[in-house]
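**Student:** Residue numbers (this note's numbering): 71 to 543.
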Amino acid sequence: MHESCGVFGVYAPNEDVARLTFFALFALQHRGQESAGIATTNGKRLQVYADMGLVSQVFSEDSLSQLTGDIAIGHNRYSTRGSSRVTNVQPMVVGKGSNTIAIAHNGNIVNAEHLREELSDLGYTFHTSTDTEVIANLVLSSPEKDWVGKIRYAMHRLQGAYSLVIMTRHHLFGVRGTLGVRPLCLGAIDSGWVIASESCALDHIGANFIREVEPGEIVSITENGVDSYQEEVGRRALCIFEYIYFARPDSIINGRLLYLARQAMGAGLAEEHPVDADMVMGVPDSAIAAGTGYSYRSGIPLGEGLLKNRYVGRTFIEPDQRIRDLGVKLKFNPLPQMLDGKRIVVIDDSIVRGTTTPKVVALLRRAGVKEVHMRICAPPIRYPCFFGVDMATRWELIAAQKTIPEVRDFIGADSLGHLSINGLIRAVALPKDIFCLACFTGDYPIPVQLEMDKLALETMPVGQQEPFGIKQR
Ligand code: SF4
71 MHESCGVFGV YAPNEDVARL TFFALFALQH RGQESAGIAT TNGKRLQVYA
121 DMGLVSQVFS EDSLSQLTGD IAIGHNRYST RGSSRVTNVQ PMVVGKGSNT
171 IAIAHNGNIV NAEHLREELS DLGYTFHTST DTEVIANLVL SSPEKDWVGK
221 IRYAMHRLQG AYSLVIMTRH HLFGVRGTLG VRPLCLGAID SGWVIASESC
271 ALDHIGANFI REVEPGEIVS ITENGVDSYQ EEVGRRALCI FEYIYFARPD
321 SIINGRLLYL ARQAMGAGLA EEHPVDADMV MGVPDSAIAA GTGYSYRSGI
371 PLGEGLLKNR YVGRTFIEPD QRIRDLGVKL KFNPLPQMLD GKRIVVIDDS
421 IVRGTTTPKV VALLRRAGVK EVHMRICAPP IRYPCFFGVD MATRWELIAA
471 QKTIPEVRDF IGADSLGHLS INGLIRAVAL PKDIFCLACF TGDYPIPVQL
521 EMDKLALETM PVGQQEPFGI KQR
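1) Go ahead and pull the three-state DSSP assignment for Q471.
2) Could you pull the DSSP bridge partners for D297 from this structure?
3) Using the Cβ count rule (16 or more neighbours within 10 Å means buried), how would you classify A499?
4) Residue ranges of each alpha helix (DSSP H) run of no fewer than 4 residues wholly in the region 396-482, ordered along the chain?
5) Closer than 8 Å is the cut-off here; do at least three beta carbon pairs connect the region 126-136 with the region 287-306?
6) Between E188, F129, V180, G113, which lies nearest to I171 when the distance is taken from Cα to Cα?
7) Curious, which full-length beta strand (DSSP E) runs of at least 3 residues does the region 95-135 contain?
8) Identify whether L185 lies in helix, strand or coil by the three-state DSSP scheme.
9) Which whole-angstrom value describes the C-beta separation of L489 and C447, a residue pair presumed to lie in contact below a C-beta threshold of 8 Å?
10) In the DSSP output, what is Y232 paired with across the bridge?
11) By the three-class DSSP mapping on this structure, what secondary structure does F243 have?
12) Is V459 a contact residue of the ligand SF4, with contact defined as CB to any heavy atom under 7 Å?
13) Report back the beta-carbon spacing between S233 and L254 to the nearest angstrom; my notes put them in contact at under 8 Å.
14) The ligand SF4 and A508: does the residue's C-beta get closer than 7 Å to at least one heavy atom of that ligand?
15) Among V80, S368, G230, Y453, which residue has its Cα nearest to the Cα of L185?
16) Could you tell me if the beta carbon of V163 falls within a distance shorter than 7 Å of some heavy atom in the ligand SF4?
17) Is it right to say N181 is buried, meaning 16 or more other beta carbons lie within 10 angstroms of its own, or is it exposed?
18) Return the chain-ordered list of same chain residues with a C-beta closer than 6 Å to the C-beta of E536, the five sequence neighbours on each side being excluded.
19) Measuring only from the beta carbon, is E447 closer than 7 Å to any heavy atom that is part of the ligand SF4?
20) As a quick exercise: from W263, G139, L327, pick the residue whose alpha carbon is nearest that of V296.
21) Are the CB atoms of G79 and I143 nearer to each other than 8 Å?
22) Measuring CB to CB, does I108 end up less than 8 Å from L137?
23) Using a Cβ-based criterion (distance less than 7 Å to any ligand heavy atom), does C255 qualify as near the ligand SF4?
24) To the nearest angstrom, how far is the alpha carbon of V439 from that of E85?
25) Just verifying my parser: in three-state terms, what is the DSSP assignment at F311?
26) Does the contact criterion of 3 or more C-beta pairs under 8 Å hold for the region 313-326 versus the region 337-354?
27) Less than 8 Å between the beta carbons of S298 and E287, yes or no?
28) Consult DSSP for K502 and reduce its assignment to one of helix, strand or coil.
29) Whole angstroms are fine: how far does the CA of T91 sit from the CA of L494?
Right, here's the structure in full:
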């Protein structure tokens, strides 16, 4: 399961803004590994450098030194809407003359196709297949005179998930959609201000966390400092997977350190699904914290049974078929001396299609594990995501097709337990009504039926196209 992107912006005259952005993107690499880019402005013109690959592959001393100015924005991309190709990399520079912006986006716009058609009819041309270009042209098409007015105009038309950084020749803006699906926060450095998807990016560049950018808020940063403009907000829908999996464990969202939230998920699993076992282990890296929580609460010793090759990442070198067949072995290596003859509780963040978990279970069994008890931080995922998470279509989601005992048998575990929705909310320790839980409940925060029907018909095997019966409000 993949999230769509990480964004960053900095307003800091007299600083090397491109270099600051590079290191912030480095800290946000987990949010997207497909392409990276940085745009800067020196007050006269916008420059951009972006390419396919990891942050460290895309930039060199040479490319960074050419990106000069007082303001920069940056982006790590994992493509959801818009295919994986170099024309879709971000930040994008869109517009002409003084009506030009650079923009970077995290999220997914549900009504993007409709808006694209409308803007095309008005004469706007599109060079990419991304939502981001739709947002940019919507801002530029606004009849309002000032930039805040133009962004507000776009926010009134956009439906879905978006956390944005937008740069003009003299301005930096941070924008969070009214649902607040994706996080965004504001920080300060000695000589200016920064905006980032996650607080871990602030820590790495020595910035102080100031606050979250609120759902529906536009943060405007100029030489005069920070101004805030708040749009009316209805239902809030922060993606609960930020807490389960996407965000880094050292990030803080809504005052809650992710590591502690994940540890509490593990403790909740120990209460809801106890079992007799010899060792608890979290699947690295995302379930390590939850593993410690299960161990503390159950009293079962914590151990490490799988080592992760942390540098697998995305690479331009395509594995050949023999290497591809190794699958999960490329990523994890078991420690047989830790596992042989033991009953193991294995904590993982989620089961989506059910393609990886059986391989992990088989790997553990081959290393001599006697019993495998899978415990999963996410409740069963039965509905697809329309807000930028590249999950699966509904017919591919294993929990939409099988009962929990059937999934247990399919993955080859001795037992399987998911954290309940209430258990998850208790672990996160924040009000339930600020979250999107749609992939568990089908209760989407905005209507998505048309999108769902289209996706179902496009992607389901012939003969399986059934109506879904999705709840909406
Ligand atoms: S549907 Fe699931 S993955 Fe998508 S935004 Fe909502 S909680 Fe997150």
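C-beta: ideal position from N, C-alpha, C; glycine also. Since the model is a prediction, treat every value here as computed from it, not as a measurement.
**Tutor:** Let me lay it out:
1) By 1-based counting over the sequence shown, the position of residue 471 is 401. In the three-state reduction of the DSSP assignment, Q471 falls in the helix class.
2) Position 227 of the sequence shown, counted from the start, is the residue given in the question as residue 297. DSSP lists S290 as the beta-bridge partner residues of D297.
3) The residue you call residue 499 lines up with position 429 of the sequence shown. A residue is called buried when at least 16 other Cβ atoms come within 10 angstroms of its Cβ; A499 does not meet this threshold and is exposed.
4) Runs found: 406-409, 427-436, 468-471, 474-481.
5) Taking one beta carbon from each stretch, the region 126-136 and the region 287-306 have fewer than 3 pairs nearer than 8 Å; the two do not touch.
6) Taking the first residue of the sequence shown as 1, we reach residue 171 at position 101. The candidate whose alpha carbon is nearest that of I171 is G113.
7) Runs found: 105-111, 116-122.
8) Locating residue 185 in the sequence shown gives position 115, counting from the first residue. If DSSP states are grouped into helix, strand and coil, L185 belongs with the helices.
9) Numbered from its first residue, the sequence shown carries residue 489 at position 419. Numbered from its first residue, the sequence shown carries residue 447 at position 377. Correct: roughly 5 Å between the Cβ atoms.
10) Within the sequence shown, the letter at position 162 stands for residue 232. According to DSSP, which records beta bridges pairwise, Y232 is partnered with G177.
11) Numbered from 1 along the sequence shown, position 173 holds the residue referred to as residue 243. In this structure, F243 counts as strand in the three-state DSSP scheme.
12) Taking the sequence shown and counting its residues from 1, one reaches residue 459 at position 389. Yes - the ligand SF4 has a heavy atom lying nearer than 7 Å to the Cβ of V459.
13) Stepping through the sequence shown from its first residue, residue 233 is reached at position 163. Stepping through the sequence shown from its first residue, residue 254 is reached at position 184. The pair is a contact, with the Cβ atoms about 4 Å apart (cut-off 8 Å).
14) Numbered from its first residue, the sequence shown carries residue 508 at position 438. It does: the Cβ of A508 is within 7 Å (strictly closer) of some heavy atom of the ligand SF4.
15) On the sequence shown, position 115 is the one that residue 185 refers to. Closest by alpha carbon: G230.
16) Position 93 of the sequence shown, counting from 1, holds the residue named residue 163. Checking every heavy atom of the ligand SF4 against the Cβ of V163, none is found closer than 7 Å.
17) On the sequence shown, position 111 is the one that residue 181 refers to. Buried: at least 16 other Cβ atoms inside 10 Å.
18) As a first step, residue 536 is located in the sequence shown; it is residue number 466 there, counting from the start. Bear in mind that a pLDDT of 42 at E536, under 50, signals an unreliable position, so the model cannot answer this.
19) On the sequence shown, position 377 is the one that residue 447 refers to. Checking the sequence, you will find Cys at residue 447 rather than Glu. No, the Cβ of C447 stays beyond 7 Å of every heavy atom of the ligand SF4.
20) As a working note, residue 296 is residue 226 in the sequence shown. Put simply, of W263, G139, L327 the residue whose alpha carbon is nearest the alpha carbon of V296 is W263.
21) Residue mapping note: residue 79 aligns to position 9 of the sequence shown, counting from 1. Residue mapping note: residue 143 aligns to position 73 of the sequence shown, counting from 1. Cβ atoms of G79 and I143: closer than 8 Å.
22) For the purposes of this step, residue 108 is taken as the residue at position 38 of the sequence shown. For the purposes of this step, residue 137 is taken as the residue at position 67 of the sequence shown. Cβ atoms of I108 and L137: closer than 8 Å.
23) Here residue 255 refers to the residue found at position 185 of the sequence shown. Incorrect: C255 has no Cβ contact closer than 7 Å to the ligand SF4.
24) By 1-based counting over the sequence shown, the position of residue 439 is 369. By 1-based counting over the sequence shown, the position of residue 85 is 15. In this model, V439 and E85 are separated by some 54 Å (Cα to Cα).
25) Mapped onto the sequence shown, residue 311 falls at position 241. Three-state result, F311: helix.
26) The region 313-326 vs the region 337-354: no contact.
27) As a working note, residue 298 is residue 228 in the sequence shown. As a working note, residue 287 is residue 217 in the sequence shown. It is a contact, given that the beta carbons lie within the stated cut-off.
28) The residue you call residue 502 lines up with position 432 of the sequence shown. The three-state reading of DSSP puts K502 in helix, counting H, G and I together.
29) As a position in the sequence shown, residue 494 is number 424, starting the count at 1. As a position in the sequence shown, residue 91 is number 21, starting the count at 1. Straight-line Cα distance between these residues: approximately 34 Å.
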